[in-house]
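To start, the structure itself, in structure tokens.
There are 2 protein chains.
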Amino acid sequence: MADIDRSLVRSLPLFANMADADLDRLLARATMRRVPAGEAVFEQGQKATQFFLLLHGRLKVTQVTSEGQQIIVRVVNPGDLFGFAPALQRDDYPGTPTAAAESVVMCWPNEVWGSIVEQNPQLAVNAMKTIGQRLQEAHTRIREMSTEEVERRVAHAVLRLMDQAGRREAEGVRIDFPLSRQDVAEMTATTLHTVSRIFSAWESQGIVKGGRQKLLVRDRKRLESLAEGLADKD
Amino acid sequence: MADIDRSLVRSLPLFANMADADLDRLLARATMRRVPAGEAVFEQGQKATQFFLLLHGRLKVTQVTSEGQQIIVRVVNPGDLFGFAPALQRDDYPGTPTAAAESVVMCWPNEVWGSIVEQNPQLAVNAMKTIGQRLQEAHTRIREMSTEEVERRVAHAVLRLMDQAGRREAEGVRIDFPLSRQDVAEMTATTLHTVSRIFSAWESQGIVKGGRQKLLVRDRKRLESLAEGLADKD
DNA sequence: GCTTGTCCTTGCGGCAGCGCAAGTTGGGTG
DNA sequence: CACCCAACTTGCGCTGCCGCAAGGACAAGC
Numbered sequence: 002m003a004d005i006d007r008s009l010v011r012s013l014p015l016f017a018n019m020a021d022a023d024l025d026r027l028l029a030r031a032t033m034r035r036v037p038a039g040e041a042v043f044e045q046g047q048k049a050t051q052f053f054l055l056l057h058g059r060l061k062v063t064q065v066t067s068e069g070q071q072i073i074v075r076v077v078n079p080g081d082l083f084g085f086a087p088a089l090q091r092d093d094y095p096g097t098p099t100a101a102a103e104s105v106v107m108c109w110p111n112e113v114w115g116s117i118v119e120q121n122p123q124l125a126v127n128a129m130k131t132i133g134q135r136l137q138e139a140h141t142r143i144r145e146m147s148t149e150e151v152e153r154r155v156a157h158a159v160l161r162l163m164d165q166a167g168r169r170e171a172e173g174v175r176i177d178f179p180l181s182r183q184d185v186a187e188m189t190a191t192t193l194h195t196v197s198r199i200f201s202a203w204e205s206q207g208i209v210k211g212g213r214q215k216l217l218v219r220d221r222k223r224l225e226s227l228a229e230g231l232a233d234k235d
Numbered sequence: 002m003a004d005i006d007r008s009l010v011r012s013l014p015l016f017a018n019m020a021d022a023d024l025d026r027l028l029a030r031a032t033m034r035r036v037p038a039g040e041a042v043f044e045q046g047q048k049a050t051q052f053f054l055l056l057h058g059r060l061k062v063t064q065v066t067s068e069g070q071q072i073i074v075r076v077v078n079p080g081d082l083f084g085f086a087p088a089l090q091r092d093d094y095p096g097t098p099t100a101a102a103e104s105v106v107m108c109w110p111n112e113v114w115g116s117i118v119e120q121n122p123q124l125a126v127n128a129m130k131t132i133g134q135r136l137q138e139a140h141t142r143i144r145e146m147s148t149e150e151v152e153r154r155v156a157h158a159v160l161r162l163m164d165q166a167g168r169r170e171a172e173g174v175r176i177d178f179p180l181s182r183q184d185v186a187e188m189t190a191t192t193l194h195t196v197s198r199i200f201s202a203w204e205s206q207g208i209v210k211g212g213r214q215k216l217l218v219r220d221r222k223r224l225e226s227l228a229e230g231l232a233d234k235d
């Protein structure tokens, strides 16, 4: 198996204060894998044998209920760790990460985790920070879902997507991966119908510009004030 | 300051595989604090200078929105770590833990965290596991809030409370701390009115027995089938 | 260029659950 | 023991959002 170059991951905050030698040792145990759009890296409930790092692309992590309803738990961006069940002492994966766009992931076998932590506590500290942020996000989302009405939640979700996956363009900021109305609905606990209606309304006000699995934000300010709940109706 | 006895915490899973000497060293740096019912251990947004362990009692962790609405993020049970902002590299506390019943907490200064992790990676691993479970719980809650209607969510919340704070009694299982309808409402993203109505209905079916800040579950099976969404109306 | 499938839009009716408001109960306090 | 206040109950009207359903638009494949 081909060696993986250090430069691929050197810039990631996760490995910020890790010595070159340690990093090389870590990379030596990793494998790379290409995931075509629409395909899952692993399935919810599967036995967890590896943990992962997203190098390139974008993943949507979904969970399904026993009734078959689906929700999007989070979006994985390049540089993020995911599927680190071993760190959490779980033996199965709690969700399914599906490639929204063609992606490249790095994989390590479970056993590596222990030795990493032993040899390089700093990495463990970084990983913990990451999980902490994720917990924070989850609580934010719970708070939003509890107290805000649909339009505000959608505004918040779009703002978050802008920060995570925004790319400047002539007319505004584009969400840089295929994102359907259904996806947004599953992120905000509503239905695609409602999302569609909201986007239509926003589009007629010049706040966003939609399209098939596309979204472009033209007026971030307006979106922010909607998210704050300042009803600027007109 | 009086020494803290090792036996107080020895049985906690958090310290499971920690040597006596290490544990003693840890306890030497801790202080104890009594928190009367209704009082907060610290306030949301305050600068994080310490992290904590609940020894005895029960805490409700709340967050308030900018509009002043409140939600209960989680319940802290004896043996749980809380307020570990340092581990998450945060410099303020994201929520407010309030004593539901008179409580006793152990406190460490922030700086201790780093040295703990260095000296005893196993503890860091345990802490990570804890945070992982918490993340898991948060996602479960998000899923419930997204896909389930109010009565099911309340049923789930009550079942969770039973597992965390249930005490067997002659008539059933009692939730072992003062819990108002308002509290349940803030856990399930609804209003105290709706919770009150639901409890009344359940009480008339003999599933639970209510009271002022009290709750006793008489028929767990029925509650579970409600939580599963098996509409057993009659 | 036509077909096919997926994604999106929009109107309409219904209802779960919220908000208001008025009453009741129970526990603690002087 | 009487008072008071916080917690709880319950009826009623309203509405935000869902669910259904029908139709339109875009992209890919043949």
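The listed protein sequences correspond, in order, to chains Z and L.
Residue numbers for the first sequence follow our numbering, so the first one is 2 and each next one is one higher.
Residue numbers for the second sequence follow our numbering, so the first one is 2 and each next one is one higher.
Where is the CB? At the ideal position from N, CA and C, for every residue including glycine.
Review point. Does the stretch 23–32 of chain Z touch the stretch 103–121 of chain Z, meaning 3 or more C-beta pairs lie closer than 8 angstroms?
Key: yes
Point to revise | Three-state secondary structure assigned by DSSP to S116(L) | key: Helix, per DSSP.
Practice item. Take the Cβ of S147(L) as the centre, count every other Cβ of all protein chains shown within 10 Å, and call the residue buried at 16 or more, exposed below. Key: buried
**Study point:** Near-chain L residues of the stretch 120–134 of chain Z - C-beta to any C-beta below 8 angstroms
**Key:** Answer set for the stretch 120–134 of chain Z: P122, A125, V126, A128, M129, K130, I132, G133 and Q134.
Review point. In chain L, which residues lie less than 7 angstroms from T66(Z) when you measure between Cβ atoms?
Key: R144 and T148
Check your understanding: Hey, does H157(L) have any beta-carbon neighbour from chain Z nearer than 8 angstroms?
Key -> no
Practice item. Compare the Cα-Cα distances from E103(L) to each of E150(L), D177(L) and Q165(L) and report the closest residue. Key: D177(L)
Practice item. Determine which residues of the stretch 57–88 of chain Z have a Cβ less than 8 angstroms from any Cβ of chain L, and write them out in chain order. Key: Answer set for the stretch 57–88 of chain Z: Q64, T66, S67, E68, Q70, I72, V74 and A88.
Review point. Should the stretch 80–96 of chain L be regarded as contacting the stretch 45–64 of chain L, the criterion being three or more beta carbon pairs within less than 8 angstroms?
Key: yes
Exercise for review: Enumerate in chain order the residues of its own chain whose CB-to-CB distance from R142(L) is below 7 angstroms, with the five nearest sequence positions on each side excluded.
Suggested key: Excluding sequence neighbours, R142(L) sits near nothing in its chain.
Review point. Which whole-angstrom value describes the C-beta separation of L60(L) and A31(L), a residue pair presumed to lie in contact below a C-beta threshold of 8 angstroms?
Key: No, L60(L) and A31(L) are not in contact; Cβ-Cβ is about 17 angstroms, not under 8 angstroms.
Point to revise | Close beta carbons around R91(Z), own chain, < 7 angstroms, minus the five adjacent residues each side | key: A49
Exercise for review: Output the boundary residues of the alpha helix (DSSP H) element that contains E229(L).
Suggested key: For E229(L), the enclosing alpha helix (DSSP H) starts and ends at R221 to E229.
Review point. From which residue to which residue does the alpha helix (DSSP H) around A128(Z) run?
Key: P122 to T148
Practice item. Compare the Cα-Cα distances from L180(L) to each of S205(L), G212(L) and R169(L) and report the closest residue. Key: Closest option to L180(L), Cα to Cα, is G212(L).
Check your understanding: Less than 8 angstroms separating the beta-carbons of L193(L) and Q206(L)?
Key -> With a cutoff of 8 angstroms on beta-carbon distance, L193(L) and Q206(L) are scored as not near each other.
Review point. Among the residues of its own chain, which have a CB less than 7 angstroms from the CB of V218(Z), if the five just before and after it don't count?
Key: V159, M163, G173, V174, V209 and L224
Review point. Ordered along the chain, which non-local residues of its own chain (more than five positions away) have a Cβ less than 6 angstroms from that of G80(L)?
Key: L13
Check your understanding: How is E103(Z) classed by DSSP in three states: helix, strand or coil?
Key -> strand
Check your understanding: Over what stretch of residues does the beta strand (DSSP E) that includes M188(Z) continue unbroken?
Key -> Element bounds for M188(Z): not the beta strand (DSSP E) but the alpha helix (DSSP H), R182 to T189.
**Study point:** Member of P95(Z), H57(Z) and L89(Z) whose CA lies at the smallest distance from the CA of V65(Z)
**Key:** P95(Z)
Check your understanding: Taking buried to mean at least 16 other C-beta atoms within 10 Å of its own C-beta, is L231(Z) buried or exposed?
Key -> exposed
Check your understanding: Between which two residues does the alpha helix (DSSP H) harbouring L28(Z) extend?
Key -> D21 to A29
Review point. Is the Cβ of D235(L) closer than 8 angstroms to any Cβ of chain Z?
Key: Because the pLDDT at D235(L) is just 42, under 50, the model does not fix this residue reliably, and the value given afterwards should be weighed accordingly. Taking 8 angstroms as the CB threshold, D235(L) stays off the interface with chain Z.
Review point. Given that a residue counts as buried once 16 or more other Cβ atoms are within 10 Å of its Cβ, and exposed if not, what is K234(L)?
Key: The pLDDT assigned to K234(L) is 44, lower than 50, so where the model puts this residue is not dependable; a value taken from the coordinates is nonetheless given after this. Looking at its Cβ environment, which holds fewer than 16 other Cβ atoms inside 10 Å, K234(L) is exposed.
**Study point:** For V42(Z), the three-state DSSP class (helix, strand or coil)
**Key:** coil
Review point. For Q71(Z), which option in V126(Z), Q123(Z), P122(Z) and P98(Z) has the closest C-alpha, if you only look at C-alpha atoms?
Key: Taking each of V126(Z), Q123(Z), P122(Z) and P98(Z) in turn and checking the Cα distance to Q71(Z), the smallest one comes out for P98(Z).
**Study point:** For A195(L), the first and last residue of its enclosing alpha helix (DSSP H)
**Key:** The sequence shown places Thr at residue 195(L), rather than the Ala named in the question. Note, T195(L): alpha helix (DSSP H), L193 to S205.
Check your understanding: Out of curiosity, what's the CA-to-CA distance linking A171(Z) and M33(L)?
Key -> 59 angstroms
Point to revise | 7 angstroms CB neighbourhood of W109(L) in its chain, flanking five on each side removed | key: Within the same chain, W109(L) has close Cβ partners R30, A31, Q51 and F52.
**Study point:** Residues near N78(Z) by beta carbon distance below 6 angstroms, same chain, minus five either side
**Key:** Counting only Cβ-Cβ distances below 6 angstroms, and skipping sequence neighbours, we find Q165.
**Study point:** Enclosing alpha helix (DSSP H) for L216(Z) [first to last residue]
**Key:** From DSSP, L216(Z) is part of no alpha helix (DSSP H) but of the beta strand (DSSP E) over K215 to V218.
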